[in-house]
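Undergrad: Shown below is the structure under consideration.
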Amino acid sequence: MEIIKKFNKVGNGHSQYYVLDLLRWALGVLLFFKGVQFMMNTSYLVDIINPQSRDLLTIVLVHYIAFVHLAGGIFIVLGLLTRWVIAVQIPILVGAVIVSGGGQEGTLEAALALYAFLSGMYLFVVGSGKHSVDYNLKLEV
């Protein structure tokens with residue numbers, strides 16, 4: 002717990018904390034729109050996960066990924082439960098980096114996946130910043 006408090010002090014102690022907020026907002030918007038894209042075109046996501054079979058596990062994963070991106074994007078933009086939401090996103094983002102790095106996707110998709118993973122890891126360590134619901138709730142308690 003002490004380590005997390007130290008990371009919070011580092012994240013909230015910067016004089017340029019707007020950069021952290023912009024990073025969080027950009028990640029949240031990116032994840033939200035990827036969730037919308039996956040909901041609108043589920044066959045694309047099914048082909049990425051398991052192109053040979055459309056079994057129950059694949060369908061559950063497709064819905065899990067789309068929902069986590071949609072809800073997680075909103076939560077990250079607001080700065081609500083940021084670390085928890087990113088912890089749920091990490092396996093998806095690792096899979097996105099692996100799949101997009103395999104050469105099947107374009108370089109833009111690979112860059113977006115890498116950005117999402119790296120900024121997610123940074124926000125997981127540092128926290129959501131001063132302009133977030135988490136920070137405001139902490140002040141009220």
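Counting from 1, position 34 in the sequence shown corresponds to residue 35 in this note's numbering; the numbering is continuous, with no gaps. Just so it is clear, CB atoms sit at the ideal spot from N, CA and C, and this is done for glycine as well. Since this is a predicted model, take the numbers as computed values, not measurements.
When you compare only the Cα positions, how much space is there between L94 and V47?
TA: 16 Å
Undergrad: Does DSSP put L115 in a helix, a strand or coil?
TA: Helix, per DSSP.
Undergrad: Express the C-alpha separation of A111 and V20 in angstroms, rounding to a whole number.
TA: 23 Å
Undergrad: Can you check which of these residues, L109, Y116, Y123, S54, is closest to L84 by C-alpha distance?
TA: A quick correction: the sequence has Arg, not Leu, at residue 84. Ranking L109, Y116, Y123, S54 by Cα distance to R84 puts Y123 first.
Undergrad: State buried or exposed for V63, treating a residue as buried only when at least 16 other CB atoms are found within 10 Å of its CB.
TA: buried
Undergrad: Looking at the unbroken alpha helix (DSSP H) that takes in G73, where does it start and where does it end?
TA: 57-79
Undergrad: Mapping DSSP to helix, strand and coil, what is S133?
TA: coil
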